[in-house]
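Quick notes on the structure that follows.
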Amino acid sequence: MQNYQGETLSWELIDGSIELALHREPCNEIGDRTLAELEKFVSAHETLKDQARVLIIHSLTKAGFCAGADLRALYLRANEIGFERAVQEVREFLNRIHRVLNTIDASPLTTIAAVHGVTFGGGFELALVCDLIIADKMGRFCFPELRLGLIPGFGGIPRLKRDLGNGIVRDLLLTGRSINASRAQAAGLVSQLSAQGEVLKLARLTAAQIKKFDRETTAAAKEFIKPIPYADLRQEIEIFCRLFSKPAVEAGLRKFVESTDAHPYLP
């Protein structure tokens, strides 16, 4: 399936590049529907990877790349059946999203996250599976999960540890504060900065440069320099599920859902 138009995302194969666009308002929150469509993409990727050289993931929503998990839906479901009973459903969701993100992480294609605005929580984790993060100068990155009594659950900390020094990893995790694109570039998280509104254009120019090189050589280089921390990823799921039934999580999610702020995920 070279082209697909879904409710929350779409993709097309253009000139050797797959462009995967997120377009669920207000900021591409990842819930059941988005996960199902990401799984559809992963299935299509089995064929597309032989026809393309590069994957670019970007957002069509004004607010940003992705605000993370659909916390409202998570809270409503857990409140309905009880947080202890909801743990099994949470575990199943995490296992599914990890399979999706691990597939993108291990893709032989060179993968680029072209981000702008809010890149928080699960959205940050989606960007981290990509080989390169190219950011609009107005982009911001954050792991706000400790505000909810949780840790990141989509693989963020093992992947951030893979890429960066402990100082910034611990700062992002333990303070919940956001950092801007310039600081993210200085830390080595972001490879290139674009002018506001130009991030997809810069990602396409980068893709054109990547496609000059031999496919097998590029894939071999990627596999060598980018090991996937499978053991840590499995441990992350266990810690997340252990924490989920704690009272702090219910209180944190309730506060988030009841917030009248237009963007309660912003620090």
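Under this note's numbering, the first residue of the sequence shown is numbered 198, with each subsequent residue one higher. Note that beta-carbon positions come from the ideal geometry of N, C-alpha and C, so glycine has one too. Nothing here was measured: the structure is a model prediction, and the numbers come from that model.
Asked: Are the CB atoms of A332 and L361 nearer to each other than 8 Å?; Found: no
Asked: Over the uninterrupted beta strand (DSSP E) stretch that includes C339, give me the two end residues.; Found: R337 to C339
Asked: DSSP has Q389 in a bridge; who is on the other side?; Found: I331
Asked: Please look up how many angstroms separate the CB atoms of L440 and L347, rounded, as I've assumed it's under 8 Å.; Found: 5 Å
Asked: Confirm, please, whether the CB-CB distance from V297 to L357 is below 8 Å.; Found: no
Asked: Who are the Cβ neighbours of A303 in its own chain at under 7 Å, not counting the five residues just before and after it?; Found: I425
Asked: Give, in chain order, every unbroken run of the alpha helix (DSSP H) that is at least 4 residues long and sits entirely within the segment 343-395.; Found: 353-360, 363-372 and 378-384
Asked: Using CA atoms only, rank isn't needed, just tell me which of G318, G314 and Q199 is closest to A260.; Found: G314
Asked: Quick check: the Cα distance between A218 and G318, rounded to an integer number of angstroms?; Found: 18 Å
Asked: On the three-state DSSP scale, how would you describe T415?; Found: helix
Asked: Does the beta-carbon distance from A255 to L386 come in below 8 Å?; Found: It should be noted that the sequence gives His, not Ala, for residue 255. No; because the gap between Cβ atoms is not below 8 Å, this pair is not in contact.
Asked: For Q202, count the other beta carbons within 10 Å of its own beta carbon; 16 or more makes it buried, fewer makes it exposed. Which is it?; Found: exposed
Asked: Which residue from R431, L450 and T316 puts its Cα closest to that of F340?; Found: T316
Asked: Under a Cβ-count criterion, where at least 16 other Cβ atoms within 10 Å of its own Cβ denotes burial, should G226 be classed as buried or exposed?; Found: Before going further, note that residue 226 is Glu rather than Gly in the sequence given. It counts as buried.
Asked: Indicate the three-state DSSP secondary structure (helix, strand or coil) for V297 in the structure shown.; Found: helix
Asked: Closer than 8 Å by C-beta to Y427: which residues in its own chain qualify, once you throw out the five before and the five after it? Chain order, please.; Found: N299
Asked: Give the list of continuous beta strand (DSSP E) stretches no shorter than 3 residues that lie fully inside the segment 247-290.; Found: 251-256 and 261-263
Asked: Assuming I436 is part of the alpha helix (DSSP H), what are its boundary residues?; Found: Y427 to F441
Asked: Counting along the chain, where does the beta strand (DSSP E) carrying T231 start and finish?; Found: Here T231 belongs to no beta strand (DSSP E); instead the alpha helix (DSSP H) covers D229 to L245.
Asked: Mind checking whether I309 and T414 have CB atoms under 8 Å apart?; Found: no
Asked: According to DSSP, is Q202 part of a helix, a strand, or is it coil?; Found: strand
Asked: Just to check my reading of the structure: E216 and E209 have Cβ atoms closer than 8 Å, yes? What is that Cβ distance to the nearest angstrom?; Found: 6 Å
Asked: How is the alpha helix (DSSP H) around V326 delimited, first residue to last?; Found: Neither: V326 is in no alpha helix (DSSP H) and is coded neither H nor E.
Asked: From the DSSP secondary-structure annotation, give me the bridge partner or partners of F317.; Found: C339
Asked: Here's the rule: buried if 16 or more other CB atoms are within 10 angstroms of the residue's CB, otherwise exposed. What is L371?; Found: exposed
Asked: For G213, which option in R230, R250, A233 and Q199 has the closest C-alpha, if you only look at C-alpha atoms?; Found: R250
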